[in-house]
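This is how it looks when you write it as structure tokens:
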């Protein structure tokens, strides 16, 4: 297995979080980290035992030993950092969102094609076993024809605790921070949309903090999505089909449980006079609260557990490394064009 030398751009929470996955991946070596703060770069490198700390992205990109970079700096810098890395001949794994508009994402697509380098957004949830199980169910029409998706992601977070999310600067807001997840899922399952309805709540400064969207897809399917900084949502996703439903159980971001429910195809009963003895007995038993509770448990569906093991980001890292080692330029799970389509929806949602 060929070794891949990584550089880390950024020293924030996600850079620190992803370090565990990168160090756990086979054949990965982290050579350097960069930050706009020289002291932060040095401190991060020392804490994570990274050999080289660079002051600024340009210095890191000049390091010819580095094959690929993981970009985890501020959201508003993702676009330019990705372009710079591609132009320097590096493969790129960029934290979501890869850009803040569809036009920026399209530029990245073009730059990656010109450079002939692998580039993808770190949509890590798609690589979890639960999501793979959901995608398989969809592709095999296990529960009939899929027609409807409900997905939400939200919990209260205050401006005092996370000022970055509420900052009235480019790249802030709930749509870019959380909306990418359910929107990406909807587009992965049902494809392009032809109409978007909904409502977006904003602070007096204009920062989006809650959004409820209804997507109408070209294939006739529909998605109901919600994201929030204000309230606690269900944090689950339910794909409904003509013969049942399959759901990613909470927490939907990092889910390890799937629930499969199958629709009862029994015909509705007629009047009591037309019922058989067996049906009359069943109707009588329905009057029992205990049996009703048992039936409620049964109708809730079958719960399946699919663990991702020790690190939820490792499947993503393994996928990226496999693409790199096999000279693939585009992910077959989440491509750059998929990233652009997500941002197209967000662009439209921002006009609501």
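Numbering (UniProt numbering), first residue to last: 1 to 352. Note that CB positions come from ideal geometry on N, CA and C, so glycine has one too.
Between residue 168 and residue 109, the C-beta spacing is not below 9 Å. For residue 226, the enclosing beta strand (DSSP E) covers residues 222–228. Put simply, of 2, 26, 10 the residue whose alpha carbon is nearest the alpha carbon of residue 316 is 26.
If you draw a 10 Å sphere on the C-beta of residue 120, you find 16 or more other C-beta atoms in it, and that means buried. Pairwise C-beta distances place the region 135–143 in contact with the region 243–255, as three or more of them are shorter than 8 Å. Counting only runs of 4+ residues, the alpha helix (DSSP H) found wholly inside the UniProt domain "GFO/IDH/MocA-like oxidoreductase" (132–246) occupies 163–166, 180–190, in chain order.
Three or more beta-carbon pairs separated by less than 8 Å are not found between the region 169–179 and the region 320–330, which leaves the two stretches without contact. Excluding five sequence positions before and after residue 102, the CB atoms of its chain that fall closer than 7 Å to its own CB belong to 340, 343, 344, 347, given in chain order.
In the assembly as shown, residue 69 is a buried residue. Its beta-carbon has 16 or more other beta-carbons within 10 Å.
One alpha carbon belongs to residue 17, the other to residue 264, and they sit about 44 Å apart. In this structure, DSSP gives residue 24 a helical state, which the three-state scheme calls helix. Partner residues in the beta bridge of residue 262, as assigned by DSSP, are 244.
The shortest CA-to-CA distance from residue 189 to any of 214, 38, 138, 28 is the one to 138. Residue 121 has 94 as its beta-bridge partners, per DSSP. For the pair residue 87 and residue 127, the Cα-to-Cα distance works out to about 28 Å. A straight-line Cα-Cα distance of about 13 Å links residue 42 and residue 12. For residue 68, the enclosing beta strand (DSSP E) covers residues 68–71.
In this structure, the straight-line span from the alpha carbon of residue 23 to that of residue 328 is close to 22 Å.
The count of Cβ pairs closer than 8 Å, one atom from the region 146–160 and one from the region 215–228, reaches three, so the stretches are in contact.
Between residue 38 and residue 5, the beta carbon gap of about 22 Å keeps them out of contact (Cβ cut-off 8 Å). The beta-carbon distance between residue 48 and residue 19, rounded to whole angstroms, is 5 Å. This is short enough to meet the 8 Å contact definition.
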